[in-house]
Amino acid sequence: MANFDQELDASGLNCPLPILRAKKTLNGMESGQVLRIIATDPGSVKDFEAFANQTGNELLESTEEEGKYLFLIKKK
Amino acid sequence: MDEKKLAIIATKGSLDWAYPPFILASTAAALGYDTQIFFTFYGLVLLKKKLNLQVTSLGNPAMPMPMPVPVIMQTMPGMQAMMSSMMKKKMKSKGVASIDELRALCLEAEVKMVACQMTVDLFEFDTNDFIDDIEYGGAATFFEFAGQSDVCLYI
Numbered sequence: 034m035a036n037f038d039q040e041l042d043a044s045g046l047n048c049p050l051p052i053l054r055a056k057k058t059l060n061g062m063e064s065g066q067v068l069r070i071i072a073t074d075p076g077s078v079k080d081f082e083a084f085a086n087q088t089g090n091e092l093l094e095s096t097e098e099e100g101k102y103l104f105l106i107k108k109k
Numbered sequence: 556m557d558e559k560k561l562a563i564i565a566t567k568g569s570l571d572w573a574y575p576p577f578i579l580a581s582t583a584a585a586l587g588y589d590t591q592i593f594f595t596f597y598g599l600v601l602l603k604k605k606l607n608l609q610v611t612s613l614g615n616p617a618m619p620m621p622m623p624v625p626v627i628m629q630t631m632p633g634m635q636a637m638m639s640s641m642m643k644k645k646m647k648s649k650g651v652a653s654i655d656e657l658r659a660l661c662l663e664a665e666v667k668m669v670a671c672q673m674t675v676d677l678f679e680f681d682t683n684d685f686i687d688d689i690e691y692g693g694a695a696t697f698f699e700f701a702g703q704s705d706v707c708l709y710i
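Respectively, the protein sequence lines represent chains A and B. To get my numbering, take the position in the first sequence, counting from 1, and add 33. To get my numbering, take the position in the second sequence, counting from 1, and add 555.
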């Protein structure tokens, strides 16, 4: 897995909390920095794609590992 | 590109119906929407500082129950409070945010909340019971924002 600058563990949280927490964390980051998000909500896979499409933050990676969903988002 | 706008009218004050306006408003704000919620009729209770939201299975045959309860039993005193507390417990265990939490996230994300002045007068609500960060207005106030919105929902 690629490098990242910050990590957010949204395990156990349900819609829309992973997105809201991610947005909040991204607000405190610099442009170009990468946020790694861990989630357990299966809906978050589509949702982070949609979040990236609408906000312009780039979804670099979206993977699943032992029931956890991992995302890498690069801040616009 | 101009910011997109979402206008919501929240008319219902039960626990289950409290979720859609706050989930959609907080998410829209995170996506960069300029968002406003207009609270009217029973929706106004969603603005109270101290929330005491309830669910009822009466008139709602689709509500999932851990075990079948005959409708006549559902009318018994204490049943609504019990079901509401069970629902809240279930939500917490599934990682679903509380309404307090979602509302706070909306306010933090600068979702504008407008309380219907007419309903406040009609039901003689005490505005001291409402949270501070809201405005009061009427139908024309709603249209000032909704008229320019990209998405407009009645909930």
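Ideal placement from N, C-alpha and C gives every residue a C-beta, glycine not left out.
Relative to the Cα of A43 of chain A, the nearest Cα in the group A:S95, A:V67, A:T73 belongs to A:T73.
For L105 of chain A, the enclosing beta strand (DSSP E) has its first and last residue at 101 to 107. Interface with chain B (7 Å Cβ-Cβ cutoff): G65 of chain A is excluded. At a cut-off of 7 Å, the C-beta of T590 of chain B has no neighbouring C-beta in chain A. By the neighbour-count criterion, in which a residue is buried when 16 or more other Cβ atoms sit within 10 angstroms of its Cβ, V67 of chain A is buried. Three or more Cβ pairs closer than 8 Å define a contact, and the region 610 to 628 of chain B falls short of that threshold against the region 90 to 97 of chain A. At a Cβ-Cβ threshold of 7 Å, V666 of chain B and A584 of chain B count as neighbours.
At a cut-off of 7 Å between beta-carbon atoms, I578 of chain B makes contact with chain A. Taking every protein chain shown into account, the CB of V600 of chain B has 16 or more other CB atoms within 10 angstroms, so this residue is buried.
Our two residues, F37 of chain A and I710 of chain B, have alpha carbons roughly 40 Å apart in a direct line. For L50 of chain A, a Cβ of chain B is located within less than 7 Å of the residue's own Cβ.
For K649 of chain B, the closest Cβ of chain A is nearer than 7 Å. Excluding five sequence positions before and after K101 of chain A, the CB atoms of its chain that fall closer than 8 Å to its own CB belong to S44, I71, A72, T73, given in chain order. Between the alpha carbons of Q672 of chain B and L660 of chain B lies a gap of roughly 24 Å.
If you draw a straight line from the Cα of D655 of chain B to the Cα of L606 of chain B, it comes to about 8 Å. Counting C-beta pairs closer than 8 Å gives fewer than three between the region 50 to 62 of chain A and the region 557 to 572 of chain B, which falls short of the contact rule. Under the criterion of beta carbons closer than 8 Å, K603 of chain B and F678 of chain B do not qualify as touching, at roughly 12 Å. Within the region 601 to 689 of chain B, complete beta strand (DSSP E) segments of at least 3 residues are found at 667 to 671, given in chain order.
A Cβ of chain A is located within less than 7 Å of the beta carbon of S581 of chain B. Under DSSP, the beta-bridge partners assigned to Q39 of chain A are A:L68. Using a CB distance below 8 Å, no part of the region 557 to 568 of chain B faces chain A.
Under DSSP, D589 of chain B shares a beta bridge with B:K560. Taking the Cα positions, L103 of chain A is about 19 Å away from G65 of chain A. DSSP places E94 of chain A inside the beta strand (DSSP E), whose first and last residues are 91 to 98.
When DSSP states are grouped into helix, strand and coil, L46 of chain A belongs to the coil group.
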